[in-house]
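S.K.: Sharing a structure below in C-alpha cells format, with a few things to ask.
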Amino acid sequence: MTTLPTPAPIDVTDDDDELTGFRRQLEEQLREREAFIADLDPRAAPHIDLVAWSSTQSALQVVAQINAALLRIDAGTFGTCSRCAGPIAPARLEIIPYADTCVPCHTDGTS
Ligand SMILES: [Zn+2]
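Residue 36 in the UniProt record's numbering is what sits at position 36 of the sequence shown, and the numbering runs on without skipping anything.
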C-alpha cells in the first residue's frame, strides 16, 4: 500500500521504506521457519527421523541468519557484505533477504 517514490535502483542501506519491507519479509520468514521447526519437533531427532532432523537443522541455520539480518537492520548495516563491506545487490536481497554476503563473496566463499 506504500507508494514507490521513484523507479530508481534501491539503496537498501539508506531507504527506510525498503528496510521496513525487508524487515517484514524477514519476520514473516522467521515465523514460517519457526512453525516448520515446531511442526517437525516431535520427531526431529537423528535416531527417530533423520530427514526431519536435518530439515530442522537447516531451518535453524536459516533462523539464525534471519535473526542476524534483523540485527543488521537495527545496526544500519543491512545490505552490506560482511566480507568485503561492499553493497549486496538488491536483487539478491529480494530472493534471500537474510543474505550477508554479496554474490562475488558468496560464490568465492568456502561455505
Ligand atoms: Zn562481498
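Idealized CB from N, CA, C, for every residue including glycine.
Name the two residues that bound the continuous alpha helix (DSSP H) containing Arg23.
M.R.: The residue you call residue 23 lines up with position 23 of the sequence shown. First-last of the alpha helix (DSSP H) with Arg23: Asp16 to Leu40.
S.K.: So what does Thr80 bridge to, in DSSP terms?
M.R.: The residue you call residue 80 lines up with position 80 of the sequence shown. Note: Thr80 sits in a beta bridge opposite Pro87.
S.K.: May I have the straight-line CA-CA distance separating Trp53 from Cys84, to the nearest angstrom?
M.R.: As a position in the sequence shown, residue 53 is number 53, starting the count at 1. As a position in the sequence shown, residue 84 is number 84, starting the count at 1. One C-alpha to the other measures close to 34 Å.
S.K.: Taking C-beta to C-beta, are Ile37 and Ala64 nearer than 8 Å?
M.R.: Working through the sequence shown from its first residue, we reach residue 37 at position 37. Working through the sequence shown from its first residue, we reach residue 64 at position 64. For Ile37 and Ala64, no; Cβs fall outside 8 Å.
S.K.: Apply the 10 Å Cβ neighbour rule to Glu18 and answer buried if 16 or more other Cβ atoms are within range, or exposed otherwise.
M.R.: Along the sequence shown, read from residue 1 onward, the residue named residue 18 stands at position 18. Glu18 should be labelled buried.
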